Amino acid sequence: MCVWNRCDGPSSAMTDAARLHWRAIVAPALLVLVLLGGLVGAVLHASATGSDEAALQRQTALVAVAVRQGLARVRKDQEASTNWDDAVVRLRQEPLDLDWIDQNLGIWFHDFYKIDEAYVIDGRNRAVYAMRSGRRVDAAAFREIANHALPLAAELRGRIARGEEQPEGSTELTLGAYDILVIRNRPVLVSIKPIVSETGAIAQAPATERLHVSLRYVDGSFLSEIASNYGIEGADFQWVSHGPASLPLRNRAGAVIGHVNWQAFRPGAEVARRMVPVLLLVLALIGSGFVFLLTRILRSRLELEASRAQAQHLAFHDALTGLPNRARFEDRLDLALAGVRRGNHVAVALLDLDRFKHVNDTLGHLAGDALIREFGRRLGGLVRGSDTVCRLGGDEFALLLPDVAVAADVEALCERILEAVRKPFRVLGSNAHVGVSIGIVFAPEAGTDRNELLRKADIALYRAKDEGRDRYRLFRPEMDATVRLRSSVEEDLRRALDEGGELAVHYQPQFSASGNAMVGVEALVRWHHPTRGLISPEQFIPIAETTGLITRLGEWVVRQACIASRRWPDLVMAVNLSPMQFRAADFYDRLMAIVDETGADSGRLQLEVTEGVLLDDDELVRTTLMRLRAAGFTVALDDFGTGYSSLSYLRKFEVDKIKIDRSFIHALGQTVDSAAIVTAVLALARAMKLSVTAEGVETQEQLRFLQSAGCNELQGFLFAPALTADNLDAMLSGRPFVAAA
Ligand code: C2E
Ligand code: MG
Ligand code: MG
98 MCVWNRCDGP
108 SSAMTDAARL
118 HWRAIVAPAL
128 LVLVLLGGLV
138 GAVLHASATG
148 SDEAALQRQT
158 ALVAVAVRQG
168 LARVRKDQEA
178 STNWDDAVVR
188 LRQEPLDLDW
198 IDQNLGIWFH
208 DFYKIDEAYV
218 IDGRNRAVYA
228 MRSGRRVDAA
238 AFREIANHAL
248 PLAAELRGRI
258 ARGEEQPEGS
268 TELTLGAYDI
278 LVIRNRPVLV
288 SIKPIVSETG
298 AIAQAPATER
308 LHVSLRYVDG
318 SFLSEIASNY
328 GIEGADFQWV
338 SHGPASLPLR
348 NRAGAVIGHV
358 NWQAFRPGAE
368 VARRMVPVLL
378 LVLALIGSGF
388 VFLLTRILRS
398 RLELEASRAQ
408 AQHLAFHDAL
418 TGLPNRARFE
428 DRLDLALAGV
438 RRGNHVAVAL
448 LDLDRFKHVN
458 DTLGHLAGDA
468 LIREFGRRLG
478 GLVRGSDTVC
488 RLGGDEFALL
498 LPDVAVAADV
508 EALCERILEA
518 VRKPFRVLGS
528 NAHVGVSIGI
538 VFAPEAGTDR
548 NELLRKADIA
558 LYRAKDEGRD
568 RYRLFRPEMD
578 ATVRLRSSVE
588 EDLRRALDEG
598 GELAVHYQPQ
608 FSASGNAMVG
618 VEALVRWHHP
628 TRGLISPEQF
638 IPIAETTGLI
648 TRLGEWVVRQ
658 ACIASRRWPD
668 LVMAVNLSPM
678 QFRAADFYDR
688 LMAIVDETGA
698 DSGRLQLEVT
708 EGVLLDDDEL
718 VRTTLMRLRA
728 AGFTVALDDF
738 GTGYSSLSYL
748 RKFEVDKIKI
758 DRSFIHALGQ
768 TVDSAAIVTA
778 VLALARAMKL
788 SVTAEGVETQ
798 EQLRFLQSAG
808 CNELQGFLFA
818 PALTADNLDA
828 MLSGRPFVAA
838 A
């Protein structure tokens, strides 16, 4: 149910904003960023890997060239001193000039060309000179490498003996033998060159040349040199490969000796490493821009949504109470009626505050508004969560109970509502007292059409009001029949008043206490309907009152009574007046006009009013009554005992007579109370010096009781019913007549 401050108001649209913000913006933005980041990362990685691979290939090729050229360089450098006339001559000297050899074939090679070891062997492969690490050593040191060097020397001497020549295009001038060998567990380039005459001027027997043996360790300065020359970082010799940045070092036979490993230059990875922070920054900027834009879009969307919700709320809620209005009520009723098909029982109650106008008139509209709000609050506190309380407008409310188990539950709820409303309403510092009338209808019992149900609830509500307000009534089909009758009767009554002929006034005699003397008559209207027959005034007078026809009808009866009163100059003519007639501001003037016009004597006219008249506007009624009595009319309080029968009314509004309602007379002899009440009323009237008429006297017992109790006048079927003027004449003159009821 939508009660008071629990209504689905426009604010609820904003409470979800944070969740919506996360769901609609931050999460997708993060996702997009992650995807974008992933994509860029993948592209970056692929291109970095690609360029790193290309770079590695280039580096591998470069290292291969560098090693090859490094090795060739060693052989080429060797020729600087071996292809030389002086060297041939000097090595033939006996004894050898070792200092000279140091400076030209030994230490010099170490100092100038970084050769690690150099040996000179004679034509019979005997070592004549040895140098290691830049120092001359005993030539016998050659023995340590002899088994490596001698096969190469033999091969070289063989080639020389065969007269082989350097291939065309070779940069080397002399034949040589070389290989990469493992000596003392180190890789070493061993290169052997013959020491020959550069000019050819010195003859030598082939294959007997002295040979120069050069050893250059590959894992020493050799690699660091070529690395620095070719810009290869971290070049190092290792027996095993350390990864992709590695080149196998093979001997002449193609067998792998070991590997040159180096630190691969990875331009791609480097670029990627530098790019990542920049990319992250760019992504963060894009992300925040994205979030900023979407936030603005979302905010304007939420604002739009909120104003739409506000408009929606206003369209379906009452501004004063915040309760659903008629439109929302009808929607919910339609929804509930759909549930009827599933077997639900739906109850609709229409509520109307009693005496609310009085609160508005006496305490002001602000107080009226506060009362309406408080009433809505009290209603909201009494119903279940699934029920709907709504304000239809003014002081009208409605309840929708979409799932009722038994009708008794609804009746119990109505009792609770009546109870809650009976408690005073504290508004603007004053206590206001109101009541509530409730009309209830059930679906599907009374139908399943929304308008039809509301019409029937309205009928039940009017029945509750008719029966005295401050109560609830459940709709019954006969109420509908009454209403239908009402509308057709209204139409016919209007026609009867226009055309005449169907309406008549009958006169019921009123007798003195002795029962012997007729002292007056009461004019009672009769309607002979062409199809419905005789319709009781108790049926059509209320219809005339609610439709406003009572003014015309009442005036017509008063006119007939005035005319008739001249016919019976000794009788008092009593005429009934409805509260509706009395309330008209010009009532007094119009009544006087009829009296004048018909030449009636106001002194013999008695006006019968009910307590309903006295309940209304005090001052107007009081002054009108005073003026009427001053003009000679007498006033009788009709149906005494059925309404409030308040002593204060009798004191406040001066009347001449009380008519005890016929229900009390009827009950005489049947209930003990009734005799006591009648006796008390008579005593009261005597004390107030009022005359008393008993209505509805039907039996001799009633007559005797009333006579002994001191009743002044009597009226009832025991004497006569209401008679036509002619029959009354006949009765007065003692002629026989047939009384029509
Ligand atoms: P009321 O003014 O109390 O009139 C008396 C009613 O009691 C009359 O009913 C009358 O026929 C009935 N009555 C009289 N003696 C007896 C009796 O011994 N036993 C029983 N059971 N009933 C008796 P009626 O004529 O049907 O009128 C009903 C009511 O309609 C009247 O009650 C009066 O309130 C109203 N009414 C009748 N004519 C007019 C009229 O011209 N103007 C207005 N405003 N109201 C009228
Ligand atoms: Mg009367
Ligand atoms: Mg009466």
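So the sequence shown is residues 98 to 838, counted in our numbering.
Even for Gly, the Cβ is constructed at its ideal location relative to N, Cα and C.
A quick note: this is a predicted structure, and the numbers were derived from the prediction, not measured.
Close beta carbons around residue i, own chain, < 6 Å, minus the five adjacent residues each side
i: leucine 571; result: Ile537
i: histidine 530; result: Pro521
i: tyrosine 685; result: Thr721 and Arg724
i: glutamate 798; result: Gly766
i: valine 448; result: Here residue 448 is leucine; the residue named in the question, valine, does not match the sequence. Here the set comprises Phe494, Val533 and Ile535.
i: isoleucine 632; result: Trp624 and His626
Residue i: first and last residue of the uninterrupted beta strand (DSSP E) it sits in
i: lysine 871; result: Only positions 98 to 838 of the chain appear in the structure, and residue 871 is not among them; the question remains open.
i: alanine 446; result: 443-451
i: proline 291; result: 283-291
i: serine 343; result: 343-347
i: phenylalanine 608; result: 600-609
i: aspartate 546; result: Aspartate 546 -> no beta strand (DSSP E), and no H or E assigned at all.
i: isoleucine 277; result: 274-280
i: isoleucine 299; result: From DSSP, isoleucine 299 is part of no beta strand (DSSP E); its letter is neither H nor E.
i: phenylalanine 522; result: 522-524
i: glycine 617; result: 615-626
i: aspartate 736; result: 731-737
i: glutamate 705; result: 702-706
i: leucine 308; result: 308-314
Proximity test, Cβ basis, 8 Å: residue i and chain C
i: arginine 439; result: Going by chain labels, chain C is absent from the structure shown, which holds only one protein chain.
beta-carbon residue i near ligand 3 non-hydrogen atom, thresh 7 Å
i: glutamate 635; result: no
i: aspartate 736; result: yes
i: lysine 754; result: no
i: glutamate 795; result: no
i: glutamate 792; result: yes
Closer than 7 Å: residue i CB and nearest ligand 1 heavy atom
i: asparagine 673; result: yes
i: isoleucine 537; result: no
i: glutamate 619; result: yes
i: glycine 651; result: yes
i: arginine 759; result: yes
i: glutamine 407; result: no
i: valine 654; result: yes
i: glycine 813; result: yes
i: proline 606; result: no
i: proline 818; result: yes
i: valine 622; result: yes
i: isoleucine 638; result: yes
heavy atom of ligand 2 below 7 Å from residue i C-beta
i: glutamate 493; result: no
i: glycine 705; result: This sequence places glutamate at residue 705; glycine is not what is there. Within the cutoff, so yes.
Residue range of the alpha helix (DSSP H) that includes residue i
i: glutamine 409; result: 364-413
i: leucine 497; result: Where leucine 497 is concerned, there is no enclosing alpha helix (DSSP H), although the beta strand (DSSP E) it sits in stretches over 493-498.
i: threonine 579; result: 574-596
8 Å Cβ shell around residue i - same chain, five flanking residues per side excluded
i: glycine 147; result: Gly365
i: leucine 829; result: Met615 and Trp665
i: alanine 733; result: Ala671, Gln703, Leu704, Glu705, Val706, Val752, Asp753, Lys754, Ile755, Lys756 and Thr790
i: asparagine 528; result: Pro521 and Phe522
i: threonine 392; result: His118 and Ile122
i: valine 437; result: Val443, Ala540, Pro541 and Thr545
i: isoleucine 383; result: Leu130 and Leu133
Proximal residues to residue i (C-beta, below 7 Å), its chain only, five neighbours per side dropped
i: leucine 434; result: Val443, Ala540, Thr545 and Arg547
i: alanine 342; result: Leu153, Gln156, Asn358, Trp359, Gln360 and Ala361
i: aspartate 316; result: Arg283, Pro284 and Phe334
* **Runs of beta strand (DSSP E) lying entirely within the stretch 632-678, each at least 3 residues, in chain order** => Segments of the beta strand (DSSP E) lying fully in the stretch 632-678: 669-673.
* Asked: Taking one C-beta from the stretch 465-473 and one from the stretch 499-511 each time, how about it: are there three or more such pairs within less than 8 Å?
  -> A contact is defined here as three or more CB-CB pairs under 8 Å, and the stretch 465-473 fails this definition with respect to the stretch 499-511.
* **Within the stretch 746-807, ranges of the alpha helix (DSSP H) (whole runs, at least 4 residues)** => The qualifying runs are 759-764, 769-784 and 797-806.
* Runs of beta strand (DSSP E) wholly within the stretch 150-226 (minimum 3 residues, chain order) -> Considered as a whole, the stretch 150-226 harbours 214-218 as its complete beta strand (DSSP E) runs of no fewer than 3 residues, in chain order.
* How about the stretch 508-515 and the stretch 557-577: do they share at least three Cβ pairs that are nearer than 8 Å? -> Verdict: yes, contact present.
* Asked: Are the stretch 169-179 and the stretch 205-213 in contact at 8 Å, needing three or more beta carbon pairs?
  -> With a cut-off of 8 Å, the stretch 205-213 and the stretch 169-179 count as touching, because enough Cβ pairs lie within range.
* Contact between the stretch 644-658 and the stretch 680-697 (3+ Cβ pairs under 8 Å) -> By the C-beta criterion, the stretch 644-658 is judged to be in contact with the stretch 680-697, since at least 3 inter-stretch pairs fall below 8 Å.
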